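J.: Below is a structure I'd like to ask you about.
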Ligand code: TRP
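What follows is the structure, given as C-alpha cells:
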C-alpha cells in the first residue's frame, strides 16, 4: 500500500479539524437553539457535554484514525472486526444526511455576502419582515445556492488533503478568529451586554426538559464534528509524532470559544436594539442572516467594511465543515473500492446533492416536503427533520458506540501507545486517567441515560 497522505505542517491537523468543527453549528445553529432553550441551563449542559463527552470522543476518534491510517469503515474493521465496521457505515450515512441540509444553509451565506456588498456601497436598507421567508421559499434559488456550495466543496476535496483542505483552512481560520474577536469587543460597548450575560450564564434548570438535554448533547457532537468518523478520517492523515490529547483539547477549546462568541455577538444586539427582539421571534433560524447584518450596519464602527468580509468568512467556515463531511464519504470510496480520488469526489458529491434537493425545496417551495413532520411542532420539513435526526439521534448513537469500542473493546496497549500519556517514571498522567474514566463510564452512561429518558418520556406522555 502506498503511504497515506499526511498533513503537510505541524499544525495541519489542528487547523483542518478546527475548520471542520467551527462552522454553521457555531455561528448559525448554536445561537438559535440556545435562544429556543432559554439560555443558561442549556449552555451549562452543553459545556458539560463538551468536556465529559466531546473531548474524550474527540481523542478516541483521532486515535482510531491515526493508529490505522484508514477511514472509519476499514479502520473499525481492522481494529474490531466486521461487526464494528457497521459503526463506520452508520457514519457515512450520517454524512449524507448532514451534508444534504448543511449545503442549503451554507448557500444562504452566499446571498448574505452579495447583499452586504450591495449595502456597503449604496447604504443599508433594513429588509422587510417577510423577506427572509420569501427567500428561503424560493425553490430554484435554493437549489442553485446549494448546488454552488456542493460544487465548491467537491473542488477542494478534489485537490486532496494537503493542497486542498489544509491550504485553504490555514488562511481562512485565523482571519475568521480575528473578525470574531473584533465583533465581540465592539458589542461589549452596547447596553445589551448585561442582559446577554445573564441570559447565557444564569441557569434555570426548571426550564430545560429532557429533549433540551438531548439537544445539548447532540449539539456537542455536531459542533465538534463527532459521532460519524470525520475525526477518524482527519486523524488518519495525522503524523505519528503529534500529540493527540493536545490537538483534541485545542480543537475543543477553539470550537467552544467561537460558539460562545457567536452568542455574545448576536444576543447583545438583540437585547440592545429596539424591535430586533420581536422580529427575531418570528424566525430564529434567520438570526445569523437577519440580526447580524442589522448589527453590523447600524452599530459597529467599520461595520460596512467588515460585513462582506464576515459573510465570506462564514461561507468559508461552512466550507471547511462541508469538506470534512464529504471527505468521509470520499475516503470510504477510495479506501474501500480503490477508486481514484477524482472519481470518488464526483460520485460522492453527486449522491449527496440528491439529499440537498429535498432539503432545498422543504423551506416553503414544495408544501409536501415543507410540512413533512416526524419530530413534531417546530421541526416540520425535510431540512429540520434531517437536522434533528442527525444531530440528536444519529451522532449520539454513533458516538456511544465509539465510547464502547475504545473504552471496552480496544486493546488497552493501543490506547496507551497512541496517546503516550505516561510520566517518565511509568505512571499515567492525569489527562490519561481522566480520558479513560470519561470514555468508559461518564460518556457512554450519560448518552445512554439521556436517550432512554427521551424515548421513555415520549412513550408515556
Ligand atoms: N461541526 C460542523 C459545524 O459545527 C459541522 C460538521 C462538519 C459536522 N463535519 C461534521 C458535524 C461531522 C458532524 C459530523 O458546523
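Residue numbers (the working numbering): 688 to 1148. Virtual Cβ for every residue (Gly too), placed ideally from N, Cα, C. Quantities reported herein were computed from a predicted structural model and do not represent experimental measurements.
(1) Measure the CB-CB distance between residue 807 and residue 994 and report whether it falls below 9 Å.
(2) Within 10 angstroms of the Cβ of residue 1150, are there 16 or more other Cβ atoms? Answer buried if so, exposed if not.
(3) Could you check if residue 713 belongs to the surroundings of ligand 1, using beta carbon to heavy atom distance under 8 Å?
(4) Measuring straight from C-alpha to C-alpha, what distance separates residue 958 and residue 750?
(5) Less than 8 Å separating the Cβ of residue 864 from some heavy atom of ligand 1?
(6) Does any residue of chain D bring its CB to less than 9 Å from the CB of residue 692?
(7) Could you check whether the Cβ of residue 1009 sits closer than 8 Å to any heavy atom belonging to ligand 1?
(8) What distance in whole Å lies between the Cβ atoms of residue 1097 and residue 1070, which are believed to be in contact at a cut-off of 8 Å?
(9) Assuming residue 1028 and residue 847 are in contact, meaning their beta carbons sit under 8 Å apart, how far apart are those beta carbons, in whole angstroms?
(10) If you draw a straight line from the alpha carbon of residue 1146 to that of residue 896, how long is it in whole angstroms?
(11) From which residue to which residue does the alpha helix (DSSP H) around residue 1127 run?
(12) Looking at ligand 1, does it come within less than 8 Å of residue 909, judged from the CB to the closest heavy atom?
(13) With distances taken Cα to Cα, identify the nearest neighbour of residue 1036 among 1129, 789 and 1126.
(14) Label residue 1148 either buried or exposed according to how many other C-beta atoms from any shown protein chain fall within 10 Å of its C-beta, with 16 as the threshold for buried.
(15) Considering just the uninterrupted stretch of the alpha helix (DSSP H) at residue 759, what are its terminal residues?
(16) Use the C-beta contact count for residue 889: other C-beta atoms within 10 angstroms, 16 or more gives buried, fewer gives exposed.
(17) In whole angstroms, what is the alpha-carbon distance linking residue 951 and residue 859?
(18) Should the stretch 735-752 be regarded as contacting the stretch 1049-1069, the criterion being three or more beta carbon pairs within less than 8 Å?
(19) What residue from 695, 777, 727 and 735 has the CA that sits closest to residue 857's CA?
(20) To the nearest angstrom, report how far apart residue 1026 and residue 844 are at their CA atoms.
(21) Cα separation between residue 708 and residue 996?
(22) How should residue 716 be labelled, buried or exposed, when 16 other C-beta atoms within 10 angstroms of its C-beta is the threshold for buried?
(23) Checking 9 Å against the spacing of the C-beta atoms, do residue 778 and residue 953 come in under that value?
(24) Enumerate, from N- to C-terminal direction, the unbroken alpha helix (DSSP H) stretches of 4 or more residues contained entirely within the stretch 825-863.
(25) Would you say the beta carbon of residue 837 is closer than 8 Å to some non-hydrogen atom of ligand 1?
(26) Are at least three pairs of beta-carbons, each pair with one atom in the stretch 1097-1116 and one in the stretch 1074-1083, less than 8 Å apart?
(27) Please report the Cβ distance between residue 658 and residue 813, rounded to the nearest whole angstrom; I am assuming they are in contact, meaning their Cβ atoms lie under 8 Å.
(28) Go to residue 914, then tell me how far its alpha helix (DSSP H) extends in each direction, as first and last residue.
T.: Based on what the coordinates show:
(1) For the 9 Å CB-CB criterion, residue 807 and residue 994 form a contact.
(2) Outside the modelled stretch of the chain, which goes from 688 to 1148, sits residue 1150, for which no answer is possible.
(3) Result yes, Cβ under 8 Å from ligand 1.
(4) Straight-line Cα distance between these residues: approximately 43 Å.
(5) Not under cutoff, so the answer is no.
(6) In the displayed structure, chain D is absent; only one protein chain is listed.
(7) Closer than 8 Å to some heavy atom of ligand 1: that describes the Cβ of residue 1009.
(8) With a beta-carbon spacing of about 36 Å, residue 1070 and residue 1097 fall beyond the 8 Å limit used to define contacts.
(9) Right, their Cβ atoms sit about 6 Å apart.
(10) Interpretation of residue 1146 is limited by its pLDDT of 44, a score under 50 that renders its predicted location unreliable; the figure taken from the coordinates is listed afterwards. If I take the Cα positions, the gap works out to 15 Å.
(11) No alpha helix (DSSP H) contains residue 1127, which DSSP labels as neither H nor E.
(12) At least one heavy atom of ligand 1 is found less than 8 Å from the C-beta of residue 909.
(13) The candidate whose alpha carbon is nearest that of residue 1036 is 789.
(14) A caution first: residue 1148 carries a pLDDT of 39, below 50, which makes its placement in the model unreliable, though a value can still be read off. Residue 1148 comes out exposed.
(15) Residue range 759-767 is occupied by the alpha helix (DSSP H) that includes residue 759.
(16) So residue 889 ends up on the exposed side.
(17) CA-CA distance, residue 951 to residue 859, rounds to 22 Å.
(18) Judged by Cβ distances under 8 Å, the stretch 735-752 makes no contact with the stretch 1049-1069, as fewer than three pairs qualify.
(19) Shortest Cα-Cα distance from residue 857 to any of 695, 777, 727 and 735 involves 695.
(20) The alpha-carbon separation between residue 1026 and residue 844 amounts to approximately 14 Å.
(21) Roughly 20 Å separates the two Cα atoms.
(22) Buried, by the Cβ-count rule.
(23) Against a cut-off of 9 Å, the Cβ pair of residue 953 and residue 778 comes out as no contact.
(24) Fully enclosed alpha helix (DSSP H) runs of 4 or longer: 826-846.
(25) Not under cutoff, so the answer is no.
(26) At 8 Å Cβ cutoff, the stretches do not touch.
(27) The structure shown does not extend to residue 658, since the chain spans only 688 to 1148, so no value can be given for it.
(28) Taken as a continuous stretch (DSSP letters only), residue 914 belongs to no alpha helix (DSSP H), as it is neither H nor E.
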